[in-house]
Ligand code: ADP
Ligand code: MG
């Protein structure tokens, strides 16, 4: 008996460690693969009175947020995790053991079951109507004519809800990792595209409208399906949501018969990328400090591991540059384009995908990436490489800062040392061999905020990656400038 138990334990341990193939509705061929220590996920939830099932893969990090594997107590959703190939193929049901009105149901039981929920429903509708009258989204007030846009009657999809409400509801009551897939799909399929606003490594980014609100839609070509899936997966990491990380709304893959449309929907920021913004505008000292603080805060949140069932793994971005930072209307920034990011599993000290060490944008690559001396088995290495790139973005910011009416034109880092589309070799010669870094002009010394920015950059650019500052340290140092700005910035920089 003991021997059998031990064999069973060993067997299940073996299942937990190997990578698995699972059924996945959102994926190509309806199949996904978990990383090591992942699980197949099977769930069913009540949407508009009907059972909808969702099947996919769970990464080891998501497994840690145990809630993925446990059903809710109120029988509105059921989830389980299993550990053999395609074990999530079976379709779960929410039905209670005894069917309603079936044999064994007395008249009294039936009456209670029918009348109590009906009364509760009436009360809920009444409360809902009262609440909706009191709290409408601003865009609804402005655009009453949009009230009748077509929408599926999905969970949480009352026509009074705007995106902020939906996301807020989910972050307070859901798993902390995003909207349910069916809600995401419904949103994505009712967006009307307006104009193309950007192009990057993958596909094209469009401004779209959803119920009168602007959204950004990144459209991937079907050959970039892996990138689409990866970016959507990263954005749905538990507890990733932060005011300085681009707000993810939905991912959708729509097969129109001849090709698959892959969409990633996010909050729209009309100023576009920091690159575009700095090309167009100069910055006040305060404006520069606010942008720098928010970029450092976003990166510090990404890099930070939060421990606990609702925890977040540490994430390295691997493509920090001014084109991947967006500027919000209020002058703060968000970090975007998480498609190359890697998550760290601190238990096994592994990354969630095999790391190809030379990814990212050549101009912004840290010296250890350029000369391939980076230690890819240590997650710290990737964070340190992000910090080097952050220093270059700070340099782009500081050049555009206007002090006593003086500033420099916008330039990319190393604009004077490498060609416009440099090869790795071009950048490596400058950064590793000649050990050059962007120029820090003397006049920055006469302004407190620019002096701090210059010092921070130098401490982000060390060849010795271990000597570089952490994102948290950069954030703290630059935000101290904010604290004293009224006294120092105005006195020293602007008079
Ligand atoms: P890629 O992976 O192709 O590089 P990005 O996510 O970096 O795509 O987006 C490319 C460009 O599209 C950005 O540099 C920016 O100009 C624009 N863009 C992307 N997302 C948004 C958004 N949410 N709001 C406004 N502009 C955006
Ligand atoms: Mg990009």
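In the working numbering, the protein residues as written are 115 to 609.
All C-beta atoms in this analysis are idealised placements derived from N, C-alpha and C, irrespective of residue type, glycine included.
Note that the coordinates shown come from a computational prediction; the quantities given were computed from them, not determined experimentally.
Practice task
Using only the heavy atoms of the ligand MG, determine whether one of them is closer than 8 Å to the beta carbon of residue 474.
Solution key: Remark: the shortest separation between the CB of residue 474 and any heavy atom of the ligand MG does not fall under 8 Å.
Cutoff 7 Å; reference residue 341; Cβ partners in own chain excluding five residues on either side
Here the set comprises 316, 334 and 453.
Going by beta carbon distance, what residues of the same chain come within less than 6 Å of residue 593, once the five residues before and after it are set aside? Cβ within range, chain order: 407.
*Any idea what DSSP makes of residue 412, helix, strand or coil?*
The three-state reading of DSSP puts residue 412 in helix, counting H, G and I together.
* Asked: Can you tell which of 403, 354, 358 and 345 has the C-alpha that lies nearest to the C-alpha of residue 94?
  -> There is no way to answer for residue 94, as the model of the chain reaches only from 115 to 609.
Strictly by DSSP, which residues pair up with residue 159? According to DSSP, which records beta bridges pairwise, residue 159 is partnered with 166 and 191.
(message) Let me check you understand the geometry: is the CB of residue 408 closer than 8 Å to at least one non-hydrogen atom of the ligand ADP?
(response) Residue 408 has its Cβ no nearer than 8 Å to any heavy atom of the ligand ADP.
Q.
If the criterion is Cβ atoms closer than 9 Å, does the pair residue 402 and residue 564 meet it?
A. For residue 402 and residue 564, yes; Cβs fall inside 9 Å.
(message) Less than 8 Å separating the Cβ of residue 440 from some heavy atom of the ligand ADP?
(response) In this structure, the ligand ADP has a non-hydrogen atom nearer than 8 Å to the beta-carbon of residue 440.
- Query: Would you call the CB atoms of residue 199 and residue 134 closer than 9 Å?
  - Reply: At the C-beta level, residue 199 and residue 134 come within 9 Å of one another.
Among the candidates 364, 149 and 356, whose CA atom is the shortest distance from the CA of residue 330?
For the residues 364, 149 and 356, the minimum Cα distance to residue 330 belongs to 364.
Could you give the C-beta distance for residue 348 and residue 455, rounded to a whole number, given that I count them as a contact under 8 Å? Right, their Cβ atoms sit about 5 Å apart.
(message) Taking 8 Å as the cut-off, is the beta-carbon of residue 314 closer than that to any non-hydrogen atom of the ligand MG?
(response) Checking every heavy atom of the ligand MG against the Cβ of residue 314, one is found closer than 8 Å.
Within a Cβ cutoff of 8 Å, which residues of the same chain sit near residue 485, ignoring the five residues on either side of it in sequence?
Taking C-beta separations shorter than 8 Å and ignoring five residues to either side along the sequence, the partners of residue 485 in its chain run 542 and 546, following chain order.
Check: According to DSSP, what are the bridge partners of residue 458?
Finding: Partner(s): 465.
Can you tell me the Cα-Cα spacing of residue 526 and residue 510, whole angstroms? Annotation: residue 526 to residue 510 spans about 7 Å, alpha carbon to alpha carbon.
Would you kindly work out how many angstroms separate the C-alpha atoms of residue 378 and residue 366, rounded to a whole number?
As the crow flies, the alpha-carbon of residue 378 is around 7 Å from that of residue 366.
_Secondary structure of residue 501, DSSP reduced to three states_ = Helix, per DSSP.
* Which of the three DSSP states, helix, strand or coil, is assigned to residue 558? -> If DSSP states are grouped into helix, strand and coil, residue 558 belongs with the helices.
State the DSSP-derived secondary structure class of residue 570, mapped to helix, strand or coil. Reduced to three states, the DSSP call for residue 570 is helix.
Closer than 8 Å to a non-hydrogen atom of the ligand ADP - does that hold for the CB of residue 366?
No; taking the cut-off as 8 Å, the Cβ of residue 366 has no heavy atom of the ligand ADP nearer than that.
Worksheet item: In terms of DSSP beta bridges, what is residue 145 paired with?
Response: Beta-bridge pairing by DSSP links residue 145 to 137.
Can residue 398 and residue 561 be called in contact, C-beta distance under 9 Å? No.
task: May I ask you to report which of helix, strand or coil DSSP gives residue 591?
output: Looking at residue 591 - three-state DSSP - the assignment turns out to be helix.
Just checking my contact of residue 145 with residue 132 at CB under 8 Å: how many whole Å lie between their CB atoms?
16 Å between Cβ atoms; not a contact.
List in chain order: all unbroken alpha helix (DSSP H) runs of 4+ residues lying wholly within the stretch 490-547.
Runs of the alpha helix (DSSP H) inside the stretch 490-547: 493-513 and 538-542.
| request: Note down, in chain order, each residue of its chain lying with its Cβ closer than 6 Å to the Cβ of residue 295, except the 5 sequence neighbours on either side. | output: Within the same chain, and ignoring the five residues on either side of residue 295 in sequence, the residues whose Cβ sits closer than 6 Å to its Cβ are 168.
(request) Could you please give the first and the last residue of the uninterrupted beta strand (DSSP E) stretch that includes residue 374? (result) For residue 374, the enclosing beta strand (DSSP E) stretches over residues 374-381.
Tell me whether residue 207 is buried or exposed, calling it buried when 16 or more other Cβ atoms sit within 10 Å of its Cβ.
-> Residue 207 comes out exposed.
- [ ] Using alpha carbons as the reference points, say which of 504, 517 and 381 lies closest to residue 443.
- [x] Out of 504, 517 and 381, 381 has the C-alpha closest to the C-alpha of residue 443.
Review point. What did DSSP end up calling residue 132 once you bin it into helix, strand or coil?
Key: Looking at residue 132 - three-state DSSP - the assignment turns out to be coil, as it is neither helix nor strand.
* Cβ neighbour criterion (16 or more within 10 Å) applied to residue 255 -> Only weak support is given to the placement of residue 255: the predicted model assigns it a pLDDT of 37, under 50, and the value that follows is read from those uncertain coordinates. Exposed.
Can residue 404 and residue 416 be called in contact, C-beta distance under 9 Å? No.
Item to complete: Please state whether DSSP places residue 171 in a helix, a strand or coil.
Response: Strand, per DSSP.
Inset, instruction - Reducing DSSP to helix, strand and coil, say where residue 277 ends up. - result: Helix, per DSSP.
Starting from the Cα of residue 478, find the closest Cα among 459, 492, 431 and 518 and give me that residue.
Measuring C-alpha to C-alpha distances from residue 478 to each of 459, 492, 431 and 518 identifies 431 as the nearest.
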